[in-house]
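Read the structure below first, then the notes.
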Amino acid sequence: MVAKEVALDLYRRLLGIRTFEEKAAELWHQGHISGELHLYSGQEAVSAGVCAHLRPEDPTAADHRGHGPLLAKGVDFKKMMGELLGRRTGLCQGKGGHMHLFDPSLSYGCGSIIGAAMPLALGPALVAKMQNRDLVSAVFFGEGAANQGTFHESLNLAALWKLPVLFVCHDNRWAVSVPKAQSTAVPWNADRASAYGIPGVLVDGMDAVAVYEAAGPLVQRARRGEGPSLLEATCYRFRGHFETDPLVYLPPGEIEEWKAKDPIPKLERHIIESGFGTDQDLKRIREEIRAQVERAAEFALSSPWPEPELATQHVFV
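The numbering of the sequence shown is numbering that gives the first Met the number 0, which starts it at 0 and goes up by one.
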């Protein structure tokens, strides 16, 4: 059982991710967002439960599906929407787009290369250890990336040097159209942690409270200087790998089965049954967040495009 303030905080994080992304999808289909769009819908409980334990200064890295952790850390909706629309007012002045988000105020960065975030997370973790700071470097990736060499190299080095890293694996069963059973030799990636002498924890990633309770001890362990951990969260993406994905590879009824486990209604029931809030209380929160997202969209749509000379600023060549 978590406290009332924790449950309501988790609810706001879940809603922030879902509502923001629904608006982003709408804008993408209207032609306002260029390129592909990899949405996080269905996986919100993973980022919400983990990021509720993180501080703004805790380094955080993610992959191509990087909206969730950044929204869960509390990014400015206007700046993030501006970035998705490629506007001057975006987090990266419109140069990053939805797969290369960077927010130094939240120590956050993500990139499109599968498995690349894991070794990047070790750098700030090593700095924190050398400076004797109690920071935790969190990195989010999918179960498909856990078959990359960078996964094993990063776990090995983090364990060897006892770095304060929390590896968070979204196990959503599908690496694009490849089912996990056809790509991974073991049932659970959490079991692989034992090969490197670190804790591996498996949690229901459709339950925000369960993720919060599982992540807490692992984050605190890292802050105490006791080394890295691996958290694997079973979850599901409710939309395609990208927005134009026809999902023809899914078995009939699978997505409906997982949508019945939607983490948002599940947390709503928990809040009401625990006496933490009423239907009206939750409605007010939903309306508040929806209004914030709408204002962010209006801001982004009315923002200027970046000037051509900005193309060579704040980039490494």
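Positions of the beta carbon are idealized from the N, C-alpha and C atoms, including for glycine. Since the model is a prediction, treat every value here as computed from it, not as a measurement.
Inset, instruction - Could you pull out every unbroken alpha helix (DSSP H) segment of at least 4 residues lying fully inside the segment 183 to 227, listed in chain order? - result: Correct list: 207 to 222.
Inset, instruction - Inspect the beta-carbon positions of V167 and A120 and report whether they are closer than 8 Å. - result: Not a contact, by the Cβ cut-off of 8 Å.
Legend entry - Three-way DSSP call (helix, strand, coil) for D261 in this model: Correct three-state label for D261: coil.
Legend entry - Beta-carbon spacing of E152, P123 below 8 Å: Cβ atoms of E152 and P123: not closer than 8 Å.
Inset, instruction - List the endpoints of the continuous alpha helix (DSSP H) containing C50. - result: Taken as a continuous stretch (DSSP letters only), the alpha helix (DSSP H) holding C50 covers 43 to 50.
Legend entry - Whole-angstrom C-beta distance between S182 and G143, which should lie under 8 Å: With a Cβ gap of about 7 Å, G143 and S182 count as contacting.
Inset, instruction - Give the straight-line distance between the Cα atoms of R222 and G30, rounded to the nearest whole angstrom. - result: Looking at the backbone, the Cα of R222 and that of G30 are separated by about 44 Å.
Inset, instruction - Answer yes if the segment 40 to 58 comes into contact with the segment 204 to 216, meaning at least three C-beta pairs across the two stretches below 8 Å, and no otherwise. - result: Below 8 Å, enough C-beta pairs join the segment 204 to 216 and the segment 40 to 58 to call them touching: three or more.
Legend entry - D102 versus Q219 - alpha carbon distance: C-alpha of D102 to C-alpha of Q219: approximately 24 Å in a straight line.
Inset, instruction - May I have the straight-line CA-CA distance separating I32 from L14, to the nearest angstrom? - result: So the alpha carbons of these two residues sit roughly 22 Å apart.
Legend entry - Between the CA atoms of K94 and T311 - distance to the nearest angstrom: When rounded, the distance between both Cα atoms is 10 Å.
Legend entry - Exposure label - E308; buried when at least 16 CB within 10 Å: E308 is exposed by the Cβ-count criterion.
Legend entry - Buried/exposed call for N188, threshold 16 Cβ in 10 Å: Taking all protein chains in view, the Cβ of N188 is crowded by 16 or more other Cβ atoms within 10 Å, so the residue is classified as buried.
Inset, instruction - Pull up the distance between the alpha-carbon of P251 and that of F139, whole angstroms please. - result: It is roughly 29 Å from the alpha-carbon of P251 to the alpha-carbon of F139.
Inset, instruction - For G65, collect the residues of the same chain with a Cβ closer than 6 Å to its Cβ; drop the 5 residues on either side in sequence, then sort them by chain order. - result: Excluding residues within five positions, the ones whose Cβ falls inside 6 Å are L100, C109.
Inset, instruction - Run the CB neighbour count on D170, radius 10 Å, all protein chains shown included, and call it buried at 16 or more, exposed below. - result: Flag for D170 reads buried.
Legend entry - Reduced DSSP category for P118 - H, G, I as helix; E, B as strand; rest coil: Reduced to three states, the DSSP call for P118 is helix.
Inset, instruction - Please go through the same chain and pick out, in chain order, the residues whose beta-carbon is closer than 6 Å to the beta-carbon of Q92, but skip the five residues on each side of it. - result: If we look at Q92 and ignore the five residues flanking it on each side, its Cβ neighbours are P305, L309.
Legend entry - Helix, strand or coil at G34 [DSSP, three-state]: Note: G34 maps to coil in three-state DSSP.
Inset, instruction - Could you tell me the boundaries of the alpha helix (DSSP H) in which F76 lies? - result: 76 to 83 is the extent of the alpha helix (DSSP H) around F76.
Legend entry - According to DSSP, residues forming a beta bridge with L165: Paired residues: A137, S228.
Legend entry - CA nearest to the CA of E25, picked from L300, K128, F315: Minimum Cα distance to E25 is reached at L300.
Inset, instruction - Give a yes or no on whether the C-beta atoms belonging to R11 and I263 are separated by under 8 Å. - result: Against a cut-off of 8 Å, the Cβ pair of I263 and R11 comes out as no contact.
Legend entry - Assigned secondary structure, G143 (DSSP; H/G/I helix, E/B strand, else coil): The answer is coil: DSSP assigns G143 none of H, G, I, E or B.
Legend entry - Y107 - DSSP class collapsed to helix/strand/coil: Three-state result, Y107: strand.
Inset, instruction - For F315, count neighbouring C-beta atoms within 10 Å of its own C-beta (all shown protein chains included) and say buried if the count is 16 or more, exposed if not. - result: In summary, F315 is exposed, with fewer than 16 beta-carbon neighbours lying within 10 Å of its beta-carbon over all protein chains present.
Legend entry - Element boundaries [alpha helix (DSSP H), containing R290]: The question names Arg, yet the displayed sequence has Ala at residue 290. Start and end: 278 to 301.
Inset, instruction - Could you tell me which of S273, A184, E82, G199 sits nearest to L217, measuring between CA atoms? - result: Ranking S273, A184, E82, G199 by Cα distance to L217 puts G199 first.
Legend entry - Local conformation of A2 per DSSP, three classes: Annotated three-state conformation of A2 is coil, per DSSP.
Legend entry - Residue interval of the alpha helix (DSSP H) (run including T149): Where T149 is concerned, the enclosing alpha helix (DSSP H) stretches over 148 to 159.
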